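So the structure is just underneath, and the comments pick up after that.
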Amino acid sequence: MEKTTLTVNDFNLKYSFESGQPLSFYADFLNNELAYTAKNHIVNIKQENNKIILKSDDIIFAKKELISRFRLKDPMKTIYNEISTDSFMAESISRYKGLHITLNDPWETLVVFIISQNNNIRNIRNSVLKLIELFGTETEFKTKNFPALNDLLNAKENDFKKCSVGFRAKYLKNAVDYCTNNLDLYKLKQKDYETIVQELLQVNGVGNKIADCVALMGYGKLEAFPIDIWIKRILEKIYFKGNKTDIKILKSFAMQKWEKYAGYAQQYLYWNARNNFNSY
DNA sequence: ACCCAGGCGGGCG
DNA sequence: CGCCCGCATGGG
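Just so you know, we're using the working numbering here: the first sequence kicks off at 367 and counts up by one.
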């Protein structure tokens, strides 16, 4: 294993990993050390204050992977300035300073978030690990890659059910077919936010929330603002006097308030709500 | 036993 | 159109 170190600012590996983003459903985080497989390579990341210790069989690849996956070039000072519009957001940011949005493979992101619907973190991870075990290709290090679209072409609905995904099995099967025959996820990379969402919504089993998650974490569209049950609850509690409020209203409120970095605002709200909801 | 989880599609009014 | 309900699985 080759090794290198680099210096980072306004980055916290633990928060970025733990906050319910795609990597959290299959990577290992033990003793403050993150380990996962990407494109047939081992990636091993450890943080000590402002220092990242990176280990890999291919250190050039791993360095690019690290910088890209954790968006280390994001202008965090600017982002914090833009989204810190009120005391609640300011507190959310200060609690989890250094939490980055991650940038993941679009297909991987789509699969993970299809599995996430009406589900909980623990079950999602359990299903994703089973999916990798069943369909992921093995590396020379005996670890497995997250299954690419091509690895799933022959998977049947019943094969997906072996991964404890229940009713979502038909959505996964449909997503494989649709992305094989009707939609090239990788061509979408050059499109804008609205186009990406509209295209993703054509996939049966993908609604507004999943489309926004994929736009944000699979395509890097930072203006996307996915609204799940926790975002809904915390927005209502903090900004709507506890009143039940339609998701469409919440969404236009958030997108106007946080604009091009709404996705970052969303991630800080989400993680703060998940961890501290009852203290507000 | 009942409720909930990073929702969505379909059917009914 | 909007509203509401079922949906698999596992844990509290």
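All C-beta atoms in this analysis are idealised placements derived from N, C-alpha and C, irrespective of residue type, glycine included.
Quick caveat: nothing in here was measured; it's all calculated off a predicted structure.
Simplified DSSP state of residue i, which is helix, strand or coil
i      : result
Ala428 : helix
Ile600 : helix
Gln413 : strand
Ser385 : coil
Thr444 : helix
Glu625 : helix
Thr611 : coil
Gly532 : helix
Asn642 : helix
Arg437 : coil
Glu589 : coil
Asn378 : coil
Leu549 : coil
Asp543 : helix
Phe526 : helix
Phe606 : coil
Spatial neighbours of residue i in its chain, beta-carbon cut-off 6 Å, leaving aside the 5 residues before and after
i      : result
Asp578 : Ala590 and Pro592
Asn470 : Pro388, Met583 and Gly584
Ala631 : Ile449 and Trp624
Thr371 : Lys417 and Ile419
DSSP bridge partner residues for residue i (one or two, in chain order)
i      : result
Asp394 : Ala401
Ser422 : Glu368 and Val409
Thr373 : Lys417
Nonlocal neighbours in the same chain, by C-beta distance under 7 Å from residue i, ignoring five residues either side
i      : result
Arg461 : Asn638
Leu616 : Ile593, Lys598 and Leu601
Gln633 : Ser385, Leu465 and Ile467
Asn513 : Going by the sequence as given, residue 513 is Pro instead of Asn. Here the set comprises Leu497, Ile498, Phe501 and Gly502.
Lys536 : Glu523
Leu518 : Phe501 and Val542
Gly586 : Leu469
Ser482 : Ile490
Cβ shell of residue i (< 8 Å), same chain only, five flanking positions each side left out
i      : result
Asp423 : Met367, Glu368, His407, Ile408 and Phe507
Ile480 : Arg534, Tyr537, Leu538, Ala541, Gly571, Val572 and Ile576
Asn492 : Ser530
Lys626 : Glu448, Leu588 and Glu589
Ala456 : Ser450
Val374 : Gln413, Asn416, Lys417, Ile418 and Leu438
Tyr544 : Gln568, Val569 and Asn570
Ala393 : Phe383, Leu400, Ala401 and Tyr402
Closer than 6 Å: residue i CB and nearest the ligand ADP heavy atom
i      : result
Gln413 : The ligand ADP is not among the ligands present in this structure, which contains no ligands whatsoever.
What are the complete alpha helix (DSSP H) segments, minimum 4 residues, inside the segment 449–521? 453–461, 472–482 and 487–501
Below 8 Å, how does it come out for the segment 621–630 and the segment 491–505: are there three or more Cβ pairs, yes or no?
no
query = Hey, is the segment 531–550 in contact with the segment 559–569, meaning 3+ C-beta pairs nearer than 8 Å?
reply = yes
* Asked: Which ranges would you report for the beta strand (DSSP E) in the segment 554–581 if only whole runs of at least 3 residues count?
  -> none
| Does the count of Cβ pairs from the segment 376–383 and the segment 475–495 closer than 8 Å reach three? | no
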